[in-house]
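Chains as they are written, first to last, in this note's numbering: chain A, 9 to 260; chain B, 39 to 283. In what follows, a structure is listed as structure tokens, so that the remarks can point back to it.
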Amino acid sequence: MVKRRLARLAVEVNKASFSYNNLKAIDELSLKVPNSISFGLLGPNGAGKTTLIRLLVGLLKPKSGSVRILGQTPSRKTAHLIGYMPQLHSLYAELSVIQNVDFFARIYQLSDKHQRAQHVEEAIKLVDLWQRRKDSVLRLSGGMKQRVSLACAIVHNPPLLFLDEPTVGLDPELRVTFWEHFTNLTRQGVTIIISSHTMDDAAHCDRLAFMRDGKVIAQGTPLELQQATGKPSATLEDAFLYFIHREDRSDS
Amino acid sequence: MIPSQALTIAARVIQQLIRDRRTMILIVVVPLVVMTLIGLSFPESTVLDYIAPALLATMALFFSFLLTGISFLRERSQGTMERLMASPVSRLDIVVGYLLGFFIFALLQTLIVVLFTIYVLDVHYYGDLWQIFIFQIVIITAAVNLGIFISTFARNEFQMVQFIPLIIFPQVFLCGVIWPVEQMPNYLQWLSKILPLTYGVDGLRDIMLAGQSLLDVGFELAVLVGFAVVISIVAAITLRRSAAS
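See below:
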């Protein structure tokens with residue numbers, strides 16, 4: 009993967025808000041994510057994780073505040089810098105694995121045939137599906153579809169990856185494999201923003217933001233967040249509950 | 039000039055349909071079954087000759103609208119539209135790509151239906167066959183764009199199906215398919231003037247029954263092309279809102 013000159017921060021959100029009709033999904037949220045790390049957005053369903061990712065990839069525009077990725081406002085011009093794996097598998101079921109990945113390689117303007125073929129092969133091999141490359145996505149298991157979806161997101165070697173709940177429905181073995189991929193990617197300079205509601209994913213991230221009701225209620229490294237509870241044996245789950253209770257107390 | 043990203047999307051649409059063999063068979067067989075039943079229901083061949091151009095226009099509108107509308111909706115319901123909207127492709131690329139992709143299949147369908155109607159159902163016509171095809175192509179273009187546009191208002195297949203009685207049925211009754219527009223009340227005649235099928239039926243009848251040329255039906259052609267262009271631009275504009283919802 010080619011390292012590129014990048015802005016100091018991969019993501020910078022400044023007091024951004026977004027509502028679906030009258031429902032506030034993101035509430036004056038601020039966040040800074042440095043480059044080349046895995047950053048976890050942790051929180052229960054409805055916390056605003058997916059909406060935040062959609063703001064960051066440019067699918068939504070904040071009603072107030074600002075959102076920047078790699079120093080720029082998300083737009084079509086920045087689209088080639090990001091890879092996006094939505095929550096749904098988001099694949100063309102009738103097409104084969106290789107046809108899906110090749111389509112997204114073309115969409116991301118990998119126009120040189122030889123170079124594109126190489127990228128497609130690398131992406132499919134990375135998710136360990138080269139043997140199944142000619143199979144229709146329709147015939148694959150849920151976990152395999154997740155892997156194809158990841159291959160589609162990384163085929164153009166973007167410096168910034170947004171993965172919306174990428175490990176949902178994966179068995180433990182596959183989850184480990186996915187995290188090995190993610191760690192490899194960050195070592196190569198890629199920044200990965202992952203949304204999840206499992207503490208297992210949280211433990212793998214370099215930094216975390218705990219989210220609730222469209223706000224970030226705490227952020228730091230997993231160790232920092234655990235230590236903030238004041239209990240030496242605290243798990244990340246304990247830390248999450250600690251910050252939720254602290255937020256509730258300050259609200260009341 | 040067609041942008042390369044639109045061609046990439048068109049190629050994918052074609053690839054997808056070719057791999058779905060059952061759909062491919064239905065695309066060919068269903069219009070033929072419908073035309074056969076309609077043809078057999080007319081005991082007088084002169085009546086069938088009169089109604090055939092209107093039926094061809096209606097079939098082109100209906101099947102192209104349905105095929106494109108449902109497929110475009112699937113792009114959203116399976117989440118791939120969200121992925122496309124986060125990529126460097128423009129909304130116009132997506133609409134033009136779909137238009138090109140589905141156009142091939144709608145054209146194939148129309149070719150088969152027109153040839154079947156003329157050679158198997160033995161419908162008499164006066165105009166040139168190639169001019170009939172060109173006119174049908176314009177109807178298809180308008181219908182494919184209409185399908186894309188309407189699908190941006192539906193959240194699922196059930197809702198899309200509800201648009202058929204709203205978009206297709208009134209046109210069948212108000213656009214001169216069954217009885218002449220002139221026999222309808224004034225206000226309905228005005229309504230028929232804003233419906234694309236009116237121009238499709240008029241133009242195709244003039245070619246097939248009166249032996250007129252494409253130049254003679256230039257007004258109807260221009261209205262249909264204008265409708266297709268306007269509706270594709272509006273579809274591109276509404277795309278972002280619908281993909282994000």
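We treat Cβ as the ideally placed atom computed from N, Cα and C, and that holds for glycine. Values in this document were obtained by computation on a predicted structure and should not be read as measured data.
| Query | Result |
| --- | --- |
| DSSP-derived helix/strand/coil call for A101 (chain A) | coil |
| 7 Å Cβ cutoff met for A90 (chain B) and T155 (chain B) | yes |
| is_contact[P94 (chain A), chain B] using C-beta, thresh 7 Å | yes |
| First and last residue of the uninterrupted beta strand (DSSP E) at D35 (chain A) | L31 to P42 |
| Ranges of the alpha helix (DSSP H) found wholly within the region 146-232 of chain B, counting only runs of at least 4 | 167-189, 195-205, 207-212 and 224-231 |
| Neighbouring residues, chain A, relative to V127 (chain B) (Cβ below 7 Å) | I115 |
| Sheet register partners of A48 (chain B) (DSSP bridge) | Note: A48 (chain B) sits in no beta bridge, so no partner. |
| Test: G117 (chain B) CB closer than 7 Å to a CB of chain A | yes |
| Ordered list of alpha helix (DSSP H) runs contained in the region 71-136 of chain A, each at least 4 residues | 105-115 and 121-134 |
| Cβ neighbour criterion (16 or more within 10 Å) applied to R62 (chain A) | buried |
| DSSP three-state assignment for N192 (chain A), whether helix, strand or coil | helix |
| R220 (chain A), DSSP secondary structure in three states | strand |
| According to DSSP, residues forming a beta bridge with N22 (chain A) | A:S74 |
| Cβ pair F140 (chain B), V182 (chain B) closer than 7 Å | yes |
| Beta-carbon proximity check, F26 (chain A) vs T58 (chain A), cutoff 7 Å | no |
| Contact with chain B by A87 (chain A), beta-carbon distance below 7 Å | yes |
| Backbone CA spacing between T84 (chain B) and V215 (chain B) [nearest angstrom] | 15 Å |
| Q227 (chain A), DSSP secondary structure in three states | strand |
| Secondary structure, alpha helix (DSSP H): runs of 4+ residues fully inside the region 145-205 of chain A | 150-162 and 180-195 |
| Beta carbon proximity, D58 (chain B) to chain A, threshold 7 Å | yes |
| Through-space distance from S42 (chain B) to S204 (chain A), alpha-carbon basis | 36 Å |
| DSSP three-state assignment for G249 (chain B), whether helix, strand or coil | coil |
| Test: R147 (chain A) CB closer than 7 Å to a CB of chain B | no |
| Proximal residues of chain B, C-beta to C-beta of L17 (chain A) below 8 Å | Near L17 (chain A) there are no residues of chain B at all, since even the closest Cβ is about 20 Å away, more than 8 Å. |
| Start-to-end residues for the alpha helix (DSSP H) that takes in G77 (chain B) | R59 to S79 |
| Among B:V268, B:R129, B:L242 and B:M123, the one whose alpha carbon lies nearest that of A95 (chain B) | B:L242 |
| For S46 (chain A), the first and last residue of its enclosing beta strand (DSSP E) | S46 to L50 |
| Neighbour-count burial assignment, N108 (chain A), 16 or more Cβ in a 10 Å radius | buried |
| Residue span of the alpha helix (DSSP H) that contains R121 (chain B), given as start and end | T118 to M123 |
| Closer than 6 Å: R62 (chain A) CB and nearest the ligand SAH heavy atom | Annotation note on the ligand SAH: not contained in the displayed structure, which lists no ligands. |
| V85 (chain B) - containing alpha helix (DSSP H), residue span | S83 to S115 |
| Selected residue, minimal CA-CA separation from G79 (chain A), among A:P42, A:L49 and A:R114 | A:P42 |
| Nearest neighbour of L252 (chain B), chosen from B:A49, B:V158, B:E82 and B:I175 [CA to CA] | B:I175 |
| The region 169-185 of chain A in contact with the region 114-134 of chain A per 3-pair CB rule at 8 Å | no |
| Rounded separation between L171 (chain A) and S230 (chain B) - CA only | 50 Å |
| Own chain partners of V10 (chain A) with C-beta closer than 8 Å, once the 5 adjacent residues on each side are dropped | Residue placement at V10 (chain A) is flagged as unreliable, the pLDDT there being 45, under the threshold of 50; the coordinate-derived value follows with that caveat. These residues qualify, in order along the chain: N165. |
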